[in-house]
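If you read the sequences in order, they're chains G and A. Just so we're aligned, residue 2 is where the first sequence starts under our numbering, counting upward by one. Just so we're aligned, residue 66 is where the second sequence starts under our numbering, counting upward by one. From the three backbone atoms N, C-alpha and C, an ideal C-beta is built for every residue, glycine too. Just so we're clear, the structure is a prediction, and the values are computed from it rather than from any experiment.
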Amino acid sequence: MVLLWLLLIPLVAGPLAFFLRKRPAMEATNVATFAVVLALAAALVAQVLRSGPVSYWDGFLYADALSSLIVLLTAFVALACSIYAVGYFRHDEQNTVFVEAEDVLGEMAAYKLRKYYSLTPLFVFAMLLVALANNLGVLWVAIEGTTLASVFLVTFYGRETSLEAAWKYAIIGGVGLSMALFGTILTYYAAHQIMGTDTLAGLNWSVLVVNAAQLDKPTMRLAFILILLGFGTKAGIAPMHTWKPDAYSEAPVPVAAMLAAGVLNCALYGLVRFYILASKSLGPQFASQLLIVFGLLSMGVAVPFVLVQRSFRRLLAYSSIDHCGIMVLALGFGGPLGVLGMFLHMTFHAITKPLLFFCAGNIQQHLNTDLFRKAKGGLIHSMPWSGAAFLMGTLAVTGSPPFSLFQSEFTILRGAFGGGYVFSSILFVIFLVAIFSGFLVHIANLVLGPDPGLHNGETCRWKKYSVLSLASVIIVMGFWIPAPLFRLIQGAAGIVMSAQ
Amino acid sequence: MSFVHDPQFGDRMITLMAALVLVLQIAMVGQRWLITNIRMFALQSFLLAAIAGTIAFFNHSNHIYIAAALTFVVKTLVLPILLERIVARVGIQQEIEPLINVPLSVLISGGLTLVGYIVAESFYHPEETSASAALGHNTLAIAIALFLIGFFMMLNRRKALTQVLGLLSMENGLFLAAISLTYGMPLVVEIGIFFDVLVAVMVLGILVYRIGETFDSMDVSKLRRLRG
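Structural data, given as structure tokens:
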């Protein structure tokens with residue numbers, strides 16, 4: 002039942018917000034929806050930890066430790082973003098960002114807010130369906146749904162550049178996902194040969210995984226390549242990452258945070274599901290090599306763009322490409338430590354990335370620009386909380402101790418050395434260090450320095466406290482992971498390990 | 066009318082229609098007018114619906130009939146009408162300006178068809194299955210060729226709407242692949258895919274419209290302000 006409610010509530014909340022029209026009512030529904038979704042996600046996690054996988058409707062919806070981890074992270078990110086969005090859009094409205102030439106009565110603002118508050122629940126619905134669908138075809142439909150629900154969120158500001166970003170996002174995503182659909186069709190073909198069934202269950206992951214060892218090898222090889230390219234495009238693995246900096250920098254901050262910390266996980270989740278099938282059929286070697294190559298490539302591509310970046314919103318996008326590369330690489334290294342490291346990294350990244358986006362959003366709204374060149378530095382004087390949190394978030398996301406991403410990256414590295422991937426590990430460390438230094442120099446220049454004499458930028462409580470509460474979660478997580486969460490992560494890693 | 070029930074007759078019909086689908090795809094690469102292009106896409110989708118219908122007829126399978134009906138309604142009627150309305154609304158000039166000239170484009174499409182046959186070779190096991198179950202398996206090569214040529218069309222064209230057409234013909238290739246390999250996906254998935262395609266075209270259509278309005282042009286090579 003909990004599975005059904007998880008999907009129904011956001012699905013209903015979207016149209017509901019459309020009819021509410023009044024801003025306070027829309028804000029309240031949005032926050033309340035995601036609070037309920039997070040509570041349900043926690044209930045689902047508890048149930049999965051207590052009594053194993055849950056399924057509903059003859060296995061149409063299915064949740065094991067892996068899916069409930071993704072559901073939990075998505076729900077967390079969605080709630081954080083909805084709380085931040087309240088302050089963010091109020092600020093936009095006060096500064097008349099929405100007002101266009103012929104708009105006198107503020108109708109444009111109402112229209113745009115309605116668009117945001119009715120599309121985000123649908124967006125989250127699609128992400129939750131990705132994690133809960135048992136059928137791999139439905140999983141594909143849901144991933145395509147995340148693109149469709151978010152295209153108009155990317156064009157939110159209606160600037161020329163946001164149209165450009167949305168066009169790249171939709172077209173590159175569309176081509177990528179059509180490859181993934183081809184991969185799904187081939188997987189179904191391979192399953193068809195051994196099970197000979199036309200029923201829905203023929204594409205159900207829980208059924209396929211039992212018979213995965215007998216799947217036709219040449220078919221699965223091609224299918225996995227297509228799936229890697231397809232879901233890799235959606236996750237933003239290089240060289241299919243080119244939509245990412247544009248979409249992340251043009252979308253409103255809460256949407257960008259959901260793309261970076263929600264959709265990324267969902268796309269990787271799809272990849273992991275197929276990875277399990279492919280390694281059971283082909284042995285782990287084939288998939289691992291591909292994943293290592295693409296992972297290192299993504300990290301390597303991110304390095305120069307981080308070093309010479311001009312805009313802090315785009316900097317975050319390249320950091321996201323880098324982290325996506327790290328997770329793919331960790332999956333490629335495999336072994337108990339590599340896989341555990343990947344899920345730890347996914348969890349910590351999903352908690353840390355929104356903080357960076359929120360700080361960047363606060364700073365961008367304060368300065369009216371996202372270019373380093375136009376910011377004079379010394380933000381810590383006019384924005385003591387956001388500035389400090391941005392610096393702290395930078396240290397956290399680049400993996401410096403004591404923050405939790407250090408633990409996950411260290412775990413991955415130990416897994417890599419244990420698996421004998423010496424050359425790849427050396428490259429991994431070099432890329433990490435390069436990104437750490439580039440990122441830190443940029444953000445330190447932005448935040449520290451003499452006072453340029455700006456007025457106090459932290460007047461909005463919603464924006465300030467969403468940053469502060471998220472920052473405290475990150476600090477706590479650096480020293481203490483709740484035991485059930487760790488068991489969940491171990492459970493997810495165990496599902497992947499069963500394939501190796 | 067006994068020959069109608071002969072699987073061999075069905076097989077020939079399917080092969081013939083699949084060949085026409087491929088010819089239409091290459092013709093789309095070769096011709097220059099946007100409206101013609103949309104109508105060719107409609108005709109191609111109609112042929113796909115007919116292929117699905119034929120397979121359904123010989124296998125007495127209800128869910129393939131539904132897929133065929135959906136293809137007919139969505140891709141032969143609704144999408145072309147939507148696309149033509151966008152063309153009328155934006156008031157763009159009608160000519161497609163490919164980056165590579167027409168003879169070379171057609172030649173490349175021919176090459177991609179060959180690639181399709183080479184890739185399909187590895188999945189082609191006709192001797193393993195009975196005559197009626199093997200129906201339409203030889204169209205896989207054409208499906209892969211459609212997919213590749215559709216991709217090439219997207220790269221080769223600068224106008225936003227023609228890229229959407231390229232994406233749609235890639236999707237047609239996927240539909241043919243699904244039909245020829247496994248007689249379509251499970252029905253829920255099939256309906257989900259149709260829903261996604263329909264919404265995707267609406268979303269892209271609105272984007273095309275707004276790009277046309279904002280930039281006074283549908284040339285996506287003008288979208289180049291975001292870099293680095």
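CA-to-CA distance, residue j to residue i, given in whole angstroms
{"i": "Tyr-85 (chain G)", "j": "Tyr-248 (chain A)", "result": "48 Å"}
{"i": "Ala-102 (chain G)", "j": "Tyr-274 (chain A)", "result": "Note on Ala-102 (chain G): pLDDT 48, under 50, position unreliable in the model; no value is reported."}
{"i": "Val-105 (chain G)", "j": "Arg-22 (chain G)", "result": "With a pLDDT of 48 at Val-105 (chain G), under the threshold of 50, the predicted position of this residue should be treated as unreliable, though the coordinate-derived value follows. Using only the alpha carbons, I get a separation of about 18 Å."}
{"i": "Gly-458 (chain G)", "j": "Leu-269 (chain G)", "result": "37 Å"}
{"i": "Asp-93 (chain G)", "j": "Leu-99 (chain A)", "result": "41 Å"}
{"i": "Met-489 (chain G)", "j": "Leu-341 (chain G)", "result": "Note that residue 489 (chain G) is Leu in the sequence shown, not Met. Those two C-alpha atoms are separated by around 11 Å."}
{"i": "Val-264 (chain A)", "j": "Leu-147 (chain A)", "result": "11 Å"}
{"i": "Tyr-190 (chain G)", "j": "Leu-246 (chain A)", "result": "6 Å"}
{"i": "Leu-278 (chain G)", "j": "Leu-73 (chain G)", "result": "24 Å"}
{"i": "Pro-402 (chain G)", "j": "Leu-5 (chain G)", "result": "40 Å"}
{"i": "Glu-162 (chain A)", "j": "Asn-135 (chain G)", "result": "44 Å"}
{"i": "His-443 (chain G)", "j": "Val-309 (chain G)", "result": "9 Å"}
{"i": "Ala-196 (chain A)", "j": "Phe-123 (chain A)", "result": "Residue placement at Ala-196 (chain A) is poorly supported in this model, since its pLDDT is 46, which falls under 50; the coordinates are not used for a value here."}
{"i": "Asp-371 (chain G)", "j": "Phe-358 (chain G)", "result": "12 Å"}
{"i": "Phe-440 (chain G)", "j": "Leu-316 (chain G)", "result": "8 Å"}
{"i": "Thr-178 (chain A)", "j": "Leu-205 (chain A)", "result": "11 Å"}
{"i": "Ala-114 (chain A)", "j": "Asp-261 (chain A)", "result": "18 Å"}
{"i": "Met-478 (chain G)", "j": "Gly-15 (chain G)", "result": "32 Å"}
{"i": "Ala-493 (chain G)", "j": "Phe-137 (chain A)", "result": "43 Å"}
{"i": "Gly-277 (chain A)", "j": "Gly-270 (chain A)", "result": "10 Å"}
{"i": "Leu-471 (chain G)", "j": "Asn-369 (chain G)", "result": "24 Å"}
{"i": "Thr-220 (chain G)", "j": "Lys-140 (chain A)", "result": "29 Å"}
{"i": "Phe-124 (chain G)", "j": "Pro-168 (chain A)", "result": "44 Å"}
{"i": "Leu-112 (chain A)", "j": "Leu-227 (chain G)", "result": "27 Å"}
{"i": "Leu-288 (chain A)", "j": "Leu-272 (chain A)", "result": "13 Å"}
Neighbourhood of residue i by C-beta distance below 7 Å, restricted to the same chain and skipping five residues each side
{"i": "Leu-80 (chain G)", "result": "Phe-35, Ala-36, Leu-39"}
{"i": "Val-3 (chain G)", "result": "Leu-41, Ala-44, Leu-45, Gln-48"}
{"i": "Ile-244 (chain A)", "result": "Ile-116, Ala-117, Ile-120, Gly-201"}
Spatial neighbours of residue i in its chain, beta-carbon cut-off 8 Å, leaving aside the 5 residues before and after
{"i": "Leu-8 (chain G)", "result": "Leu-62, Phe-126, Leu-129, Leu-130, Leu-133"}
{"i": "Ile-436 (chain G)", "result": "Met-300, Ala-303, Val-304, Val-307, Ser-320, Asp-323, Thr-399"}
{"i": "Asn-212 (chain G)", "result": "Ala-192, Ile-195, Met-196"}
{"i": "Ser-234 (chain A)", "result": "Gln-90, Met-93, Phe-106, Gln-109, Leu-211, Ile-214, Gly-215, Met-218"}
{"i": "Ser-179 (chain G)", "result": "Gly-231"}
Own chain partners of residue i with C-beta closer than 6 Å, once the 5 adjacent residues on each side are dropped
{"i": "Arg-415 (chain G)", "result": "Leu-338"}
{"i": "Leu-81 (chain A)", "result": "none"}
{"i": "Leu-272 (chain G)", "result": "Phe-232"}
{"i": "Tyr-276 (chain G)", "result": "Ala-288"}
{"i": "Leu-232 (chain A)", "result": "none"}
{"i": "Gln-365 (chain G)", "result": "Asp-371"}
{"i": "Ala-236 (chain G)", "result": "Leu-265, Ala-268, Leu-269, Cys-325"}
{"i": "Leu-216 (chain G)", "result": "Ala-191, Ser-282"}
{"i": "Leu-332 (chain G)", "result": "Leu-292, Met-343"}
Nearest to residue i (by Cα), restricted to the options the options
{"i": "Ala-208 (chain A)", "options": "A:Met-218, A:Leu-239, A:Ala-115", "result": "A:Leu-239"}
{"i": "Lys-218 (chain G)", "options": "G:Thr-188, G:Leu-229, G:Asp-247, G:Ser-207", "result": "G:Thr-188"}
{"i": "Tyr-130 (chain A)", "options": "A:Leu-142, A:Val-138, A:Ala-117, A:Asn-237", "result": "A:Ala-117"}
{"i": "Ala-153 (chain A)", "options": "A:Ala-121, A:Ile-183, A:Leu-226", "result": "A:Leu-226"}
{"i": "Gly-257 (chain A)", "options": "G:Leu-140, G:Ala-18, G:Val-32, G:Met-180", "result": "G:Leu-140"}
{"i": "Ile-151 (chain A)", "options": "A:Leu-230, A:Gly-181, A:Ile-173, A:Phe-260", "result": "A:Leu-230"}
{"i": "Ala-248 (chain G)", "options": "G:Ala-376, G:Phe-424, G:Asp-59, G:Trp-168", "result": "G:Trp-168"}
{"i": "Phe-432 (chain G)", "options": "G:Leu-330, G:Gly-450, G:Lys-377", "result": "G:Leu-330"}
{"i": "Ile-327 (chain G)", "options": "G:Pro-255, G:Pro-355, G:Ala-239, G:Ser-56", "result": "G:Ala-239"}
{"i": "Ala-318 (chain G)", "options": "G:Ala-397, G:Phe-334, G:Leu-260", "result": "G:Leu-260"}
{"i": "Val-268 (chain A)", "options": "G:Tyr-117, G:Leu-154, G:Gly-138", "result": "G:Leu-154"}
{"i": "Arg-286 (chain G)", "options": "G:Val-254, G:Phe-225, G:Phe-487", "result": "Residue identity check: residue 286 (chain G) is Gln in the sequence provided, not Arg. Ranking G:Val-254, G:Phe-225, G:Phe-487 by Cα distance to Gln-286 (chain G) puts G:Phe-225 first."}
{"i": "His-70 (chain A)", "options": "A:Leu-144, A:Thr-279, A:Val-266, A:His-125", "result": "A:His-125"}
{"i": "Ala-150 (chain G)", "options": "G:Pro-122, G:Asp-65, G:Trp-244, G:Ala-257", "result": "G:Pro-122"}
{"i": "Gly-450 (chain G)", "options": "G:Leu-392, G:Val-434, G:Trp-463", "result": "G:Leu-392"}
{"i": "Thr-243 (chain G)", "options": "G:Gly-333, G:Gly-296, G:Ile-186, G:Gly-174", "result": "G:Gly-174"}
{"i": "Val-254 (chain G)", "options": "G:Tyr-89, G:Gln-290, G:Val-468", "result": "G:Tyr-89"}
Distance cut-off 7 Å: residue i Cβ against heavy atoms of the ligand FAD
{"i": "Tyr-89 (chain G)", "result": "With respect to small molecules bound, the structure shown includes none, and the ligand FAD cannot be examined in it."}
Next on the checklist: Count Cβ pairs between the stretch 79-96 of chain A and the stretch 206-214 of chain A that sit closer than 8 Å; are there 3 or more?
Outcome noted: yes
Item to check | Segment contact flag, the stretch 403-416 of chain G with the stretch 340-356 of chain G, C-beta cutoff 8 Å, min 3 pairs | outcome: yes
Next on the checklist: Suppose only complete runs of 4+ residues qualify. What are the alpha helix (DSSP H) ranges in the stretch 306-361 of chain G, listed by chain order?
Outcome noted: 313-334
Item to check | Whole alpha helix (DSSP H) elements within the stretch 72-112 of chain A, 4-residue minimum | outcome: 72-95
Item to check | Residue ranges of each beta strand (DSSP E) within the stretch 208-238 of chain A, 3 or longer | outcome: none
Item to check | At least three beta-carbon pairs within less than 8 Å, the stretch 156-164 of chain G to the stretch 225-243 of chain G | outcome: no
Next on the checklist: Report the start-end ranges of each beta strand (DSSP E) in the stretch 369-421 of chain G that is 3 residues or longer and not cut off at the edges.
Outcome noted: none
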